[in-house]
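>
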Amino acid sequence: MDFLIDFFNLNDVQWVPQIVNIIWNGSLYSLFALGYALIFSVLGVLNLAHSAIFMWGAYVGLWAVCGNTVFDGQCPAVDVPVWWAIPAAMIGGGIIAILVDRIAFYPLRQRNAPRLSQLISSIGIAIMMVAIAELVFGKERLSMPLDAIPRRNFDIPDGLSIENPLDIGRIGLGMYVAEFNILLTPVRLQIIVVSLILMIFLGFIVTQTRLGQGMRTVAFSERVSSLLGVHVDNIYMIAFFISGALAGAAGMLYTLNSNVFLPSTGSELTLKGLTVIVLGGLGSIRGAVLGGYLVAAIEVYMVAATDYGGLADAVVFFLFFLVLMFRPQGILGQPLPDRA
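Counting from 768, one number per residue, gives the positions in the sequence shown under the working numbering.
(1) Here's a check: name, in chain order, each residue in its chain whose Cβ is nearer than 8 Å to the Cβ of PHE1008, leaving out the five neighbours to either side.
(2) Output needed for ALA711: all residues of its chain with C-beta closer than 6 Å, excluding positions within five of it in sequence on either side, in chain order.
(3) Hey, how far is the Cα of ALA1006 from the Cα of ALA800?
(4) Where does LEU909 sit, in a helix, a strand or coil, going by DSSP?
(5) With a CB to CB cut of under 6 Å and the five nearest residues on each side skipped, what residues in its chain are close to ASP925?
(6) Determine the closest residue to ALA819 out of MET896, GLY981, ARG1053, with distance taken between C-alpha atoms.
(7) At which residues does the alpha helix (DSSP H) containing ASN1001 begin and terminate?
(8) From TRP850 to LEU965, what does the alpha carbon distance come to, in whole angstroms?
(9) How do the region 897-910 and the region 831-840 stand: do at least 3 beta-carbon pairs fall below 8 Å, yes or no?
(10) So the alpha helix (DSSP H) ARG876 belongs to, where does it begin and stop?
(11) Give every residue of the same chain whose Cβ lies closer than 8 Å to the Cβ of LEU1099, excluding the five residues on either side of it in the sequence, and list them in chain order.
(12) Whose CA, out of SER962, VAL1045, GLY979, lies closest to the CA of ALA1012?
(13) To the nearest whole angstrom, what separates the beta carbons of PRO1016 and LEU798, a pair I think is in contact under 8 Å?
(14) With distances taken Cα to Cα, identify the nearest neighbour of VAL809 among VAL954, ILE870, TYR1003.
(15) Within this structure, are the beta carbons of ALA804 and ILE1044 separated by less than 8 Å?
(16) Just to confirm before moving on: does the CB-CB distance between LEU886 and LEU813 stay below 8 Å?
(17) Between which two residues does the alpha helix (DSSP H) harbouring GLN885 extend?
(18) According to the Cβ coordinates, are MET1019 and ALA856 closer than 8 Å?
(19) With a threshold of 6 Å on Cβ separation, who are the neighbours of GLU989 within its own chain once the five nearest residues in sequence on each side are excluded?
(20) If you check the beta carbons only, do GLY834 and GLY859 fall under 8 Å apart?
(21) So the candidates are ILE967, ILE959, PHE971; which of them puts its Cα closest to the Cα of LEU1023?
(22) Quick test of your reading: THR1042 and PHE1087, contact by CB under 8 Å. State the CB separation rounded to the nearest angstrom.
(23) Given a threshold of 16 other Cβ atoms within 10 Å of its Cβ, counted over all protein chains shown, does SER1010 qualify as buried or as exposed?
(24) Would you kindly check if the distance between the Cβ of GLY793 and the Cβ of GLY1076 is under 8 Å?
(25) When the Cα atoms are used, what is the spatial distance from VAL832 to TYR826?
(26) When you compare only the Cα positions, how much space is there between VAL1067 and VAL954?
(27) Contact check, GLU901 vs PRO1095 under 8 Å by CB: the rounded distance?
(28) How many angstroms separate the CA atom of ALA871 from the CA atom of ASN879?
(29) With VAL812 as the anchor, note down where its alpha helix (DSSP H) starts and where it stops.
(30) Name the two residues that bound the continuous alpha helix (DSSP H) containing ILE862.
(31) Could you tell me whether the Cβ atoms of GLY811 and ALA1014 are closer together than 8 Å?
Right, here's the structure in full:
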């Protein structure tokens, strides 16, 4: 054990703040990837427009709190509680996801088109959505006022030393707990709480409700589902709405944390989301959650314990290729059928 600790340079790592970083980063990655996993589990195809839905959901949330100024690429003032942006982004993302289904997937399903055609169709509509966003909102990055989120987050337990709120160029500035070297911010807490609630809620829907039973039946066979009285098209619409709502929530939380948003932001996370679901297991809800935290742990380790933080993504993608080579179904995915 000591050899492993020395080999991986773990002695110099302050574990409490890094575990917090893993939790909030992993929660955001998992929330984003869950939409991919849900659609793949029901439809059997990757929705590569998911990142564009992530982006549009965030813009809907920004419009809800910033008003029409977002169409000019600005957010000079926020006159309502900024947290209202999250449910607005979820509703907007869900509606946009249904539109994506109606335009990119539904016509092809009606013609029994190959899944590859649906995959290509999702790429096409994703490119269109980014281009439309650039026309509507502009290509400049959009930021919210630094005072949009209260700087004070919650009462600190007695006995802990608190320094003044830190100004690190982000909204939602919290307090620094010196004993644990942790920066506590409302945004990071919100990411963790909202993500966990949505992940638990999705798991409950899929495993404990008639809707989830219908989704699993459709995933098994559309024909069998129809014979059993399941309205297949409704199941697809609901699945897309839930997937879009998750993407919208992830997009808004990402925006609140970084306070920088562009029409291309979602595209930058596409590979990260795909890596998460491949590592965890394509179509596996639990796998998407596990993959999100695994990717976050690798990134945090590379930054905190090595001098090669800039190679964190490269290490993640290397692991991605290893999983594809030796366990293509992912960590929690079902074994793939033998083609022989």
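Where a beta carbon is used, it is the ideal one built from N, C-alpha and C, also for glycine.
Well, looking at it:
(1) GLY861, ILE862, ALA864, ILE865
(2) Given that the chain is displayed from residue 768 to residue 1107, the structure contains no residue 711 and the question cannot be resolved.
(3) 14 Å
(4) Of the three classes helix, strand and coil, the one that applies to LEU909 here is strand, per DSSP.
(5) Bear in mind that the predicted position of ASP925 carries a pLDDT of just 48, short of 50, making it too unreliable to give a figure here.
(6) The option with the nearest alpha carbon to ALA819 is MET896.
(7) Per DSSP, the continuous alpha helix (DSSP H) segment holding ASN1001 begins and ends at 999-1025.
(8) 16 Å
(9) yes
(10) Residues 873-877.
(11) GLY1047, GLY1048, SER1051, ARG1053, GLY1054, LEU1057
(12) SER962
(13) Note that residue 1016 is Ala in the sequence shown here, rather than Pro. With 8 Å as the limit, ALA1016 and LEU798 qualify as a contact, their Cβ atoms being about 6 Å apart.
(14) TYR1003
(15) yes
(16) Yes.
(17) 882-904
(18) yes
(19) VAL999
(20) The answer is no: Cβ separation not under 8 Å.
(21) ILE959
(22) 5 Å
(23) buried
(24) no
(25) 10 Å
(26) Here the alpha carbons of VAL954 and VAL1067 stand approximately 18 Å from one another.
(27) With 8 Å as the limit, GLU901 and PRO1095 do not qualify as a contact, their Cβ atoms being about 36 Å apart.
(28) Those two C-alpha atoms are separated by around 13 Å.
(29) Taken as a continuous stretch (DSSP letters only), VAL812 belongs to no alpha helix (DSSP H), as it is neither H nor E.
(30) 852-867
(31) no
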